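What follows is a single structure, written as structure tokens, with notes after it.
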Amino acid sequence: MFKKILIANRGEIALRVIRACREMGIRSVIAHSEADRHSLPVRMADERICIGPGQSGKSYLNVPNIISAALISNAEAIHPGYGFLSENTSFAEICGDVNITFIGPSAEVMSVMSDKVSAREAMAEAGLPTLTGTPILRTFAEALEAVKDIGYPLMLKAVAGGGGRGIRLIKRPDEFERVFNLAQNEVREAFKDDGLYLEHYLERARHIEIQVLVDNYGNGVHLGERNCSCQRRNQKVLEESPSPHLPRELRDEIGRKSVRAVQQVGYRNAGTLEFLVDEQDRYYFMEMNTRLQVEHPVTELVTSLDLVKEQIRIADGQPLQLQQDKIQFRGHSIECRITAEDADADFRPQTGVIEQYLPPGGPGVRVDSHLFTGYEVPPHYDSLLAKLIVWADTREAAIARMQRALDEFIIEGITTTIPFHQRLLRHPGFISGDTYTRFIQEEAAALGI
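With the first letter of the sequence shown counted as 1, position 313 gets the number 313 in the numbering used here; the numbers rise by one all the way through.
In structure tokens:
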């Protein structure tokens with residue numbers, strides 16, 4: 001087993017990996033920015049190395065500094081968390097060049113699966129159904145020609161990156177050029193890649209994802225599905241497992257085919273395949289995230305497994321000990337992403353000092369957070385402050401538990417999305433499980449946003 005792992009990330013996910021390492025008897029090294037010098041992960045890690053100033057481009061995205069930190073500290077592996085360099089093919093290649101294990105898939109497979117167009121083609125060849133789509137588009141003229149084979153409405157997406165950037169719904173021809181140019185400018189700035197592609201748009205589709213684990217010897221399992229349909233501007237805000245109204249037989253079918261598909265392309269470690277499911281329960285592969293997901297805790301709570309530990313064991317070369325027919329799915333779990341945003345002001349980002357922090361507790365309540373009273377929320381990074389996760393025997397009980405936990409959660413000093421989640425958890429559409437990808441947008445008035 002590894003003796004020391006460097007964590008190339010920050011916030012709650014860095015703390016999550018540190019805790020897993022400690023339980024496994026592995027020393028942790030945190031590579032941190034100057035802005036995070038007094039953060040909780042820096043306090044909790046066994047070793048700490050500053051890799052640059054607050055701007056992520058000069059620290060958490062600074063590959064030479066991160067590799068140097070790993071070499072100086074004699075770390076044998078790097079855990080990238082999510083975001084930042086977690087799906088950066090060049091970073092994974094460089095890790096291999098200097099004999100450091102990248103905790104994730106190989107650079108070769110990552111290059112295929114992190115490109116959404118090539119991933120769709122690879123998964124179609126492996127037997128997964130996909131939506132009608134286009135190759136990579138670099139100009140509006142190419143897009144105008146391609147749309148003839150799809151028709152309206154259609155979805156415009158970025159080839160690279162994530163977080164909802166570049167995704168646009170186009171309903172009419174007269175808005176196509178304007179929206180295409182806006183999306184291309186956005187992704188060029190965010191990802192340094194202006195590639196876009198088009199897909200047929202499904203009305204009232206559910207966003208379902210399948211968690212898989214595959215070792216270096218071809219053994220693979222799926223850990224069920226997560227419903228991520230509660231989104232704002234294509235950014236997930238709440239996830240749950242299992243998905244309401246998804247037949248168990250369909251979950252098993254999608255999971256089984258997902259494992260077989262990723263085995264066919266030589267994937268290893270943890271990964272998530274994302275699907276759209278229409279009102280007739282027909283499913284279509286969209287993309288794959290070749291890393292740990294923000295919402296992985298809901299899967300952990302319904303399976304009683306530790307995904308970070310499984311990642312580390314696979315990266316260490318150990319065979320997967322899990323067998324599909326032995327994995328038990330128990331109860332229901334929900335996760336709310338608590339962010340530093342003002343939902344009443346179009347989710348405007350917030351910064352400032354946390355004057356009081358009192359997380360909820362009690363049976364079946366988990367809080368993944370790096371906050372503490374006196375912590376200063378910096379302006380440089382993602383607005384995620386905490387993930388509030390609950391588990392209960394039934395979905396009805398999990399909703400009641402989440403409502404109670406949200407009512408207990410105190411974060412003072414800055415505005416957060418706790419009030420928004422309180423309204424969402426009490427919306428009749430959410431309570432009935434009838435959510436879809438545009439649910440929050442279409443119910444904005446009822447949700448007070």
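All residues carry an ideal CB built from backbone N, CA and C; glycine is no exception.
As the structure is a prediction and not an experimental result, all values here were calculated from the model.
Boundaries of the beta strand (DSSP E) in which residue i is found, first to last residue
| i | result |
| --- | --- |
| M123 | Here M123 belongs to no beta strand (DSSP E); instead the alpha helix (DSSP H) covers 116 to 125. |
| H296 | Here H296 belongs to no beta strand (DSSP E); instead the alpha helix (DSSP H) covers 296 to 303. |
| S229 | 220 to 232 |
| S28 | 27 to 33 |
| E199 | 196 to 200 |
Residue i, buried or exposed, once every other Cβ within 10 Å from all chains shown has been counted against 16
| i | result |
| --- | --- |
| P41 | buried |
| L358 | exposed |
| I72 | exposed |
| H245 | exposed |
| V98 | exposed |
| D194 | buried |
| D346 | exposed |
| S432 | exposed |
| V69 | Sequence inspection shows Ala at residue 69; the Val mentioned does not correspond to that position. A69 comes out buried. |
| S59 | buried |
| P80 | buried |
| H38 | exposed |
| R282 | exposed |
| T134 | buried |
| E225 | buried |
| R178 | exposed |
Per DSSP, the bridge partner or partners of residue i
| i | result |
| --- | --- |
| F275 | I208, F285 |
| P242 | Paired residues: none, contrary to the question. |
| H332 | A392 |
| N269 | V214 |
| D342 | R348 |
| C50 | H32 |
| L6 | V29, I78 |
| A356 | For clarity, residue 356 is Gln in the given sequence; the question names Ala instead. Its beta-bridge partners are E412. |
| I170 | L154 |
| V377 | G352 |
| F439 | In DSSP, F439 forms no bridge with anything. |
For residue j and residue i, believed in contact at Cβ under 8 Å, the rounded distance
| i | j | result |
| --- | --- | --- |
| I389 | D368 | 7 Å |
| E341 | S383 | 5 Å |
| E300 | E239 | No, E300 and E239 are not in contact; Cβ-Cβ is about 12 Å, not under 8 Å. |
| R330 | V298 | Between V298 and R330 the Cβ distance is about 12 Å, and since that is not below 8 Å, they are no contact. |
| H222 | Q211 | 6 Å |
Where the alpha helix (DSSP H) through residue i begins and ends
| i | result |
| --- | --- |
| K257 | 248 to 264 |
| G429 | 428 to 432 |
| S369 | No alpha helix (DSSP H) holds S369; the beta strand (DSSP E) holding it covers 365 to 369. |
| H421 | 418 to 425 |
| L131 | Counting along the chain, L131 falls outside any alpha helix (DSSP H), and DSSP gives it neither H nor E. |
| I312 | 307 to 315 |
| R43 | 40 to 44 |
| E93 | 89 to 97 |
- Looking at C-beta atoms only, is the number of pairs between the region 408 to 424 and the region 214 to 224 that lie closer than 8 Å three or more? no
- Within the chosen definition, does the region 254 to 263 reach the region 328 to 344 through at least 3 CB pairs nearer than 8 Å? no
- Item | the region 276 to 283 in contact with the region 304 to 314 per 3-pair CB rule at 8 Å | no
- Should the region 141 to 148 be called in touch with the region 115 to 126, which here means at least 3 C-beta pairs below 8 Å? no
- Query: Should the region 63 to 72 be regarded as contacting the region 19 to 37, the criterion being three or more beta carbon pairs within less than 8 Å?
  - Reply: yes
- Is the region 180 to 188 in contact with the region 98 to 107, if contact means three or more CB pairs nearer than 8 Å? no
- Evaluate the contact criterion for the region 286 to 300 versus the region 71 to 86: three or more CB pairs, one atom per stretch, below 8 Å. yes
- Given 8 Å as the limit, is there contact between the region 126 to 143 and the region 161 to 173, that is, 3 or more CB pairs closer than that? no
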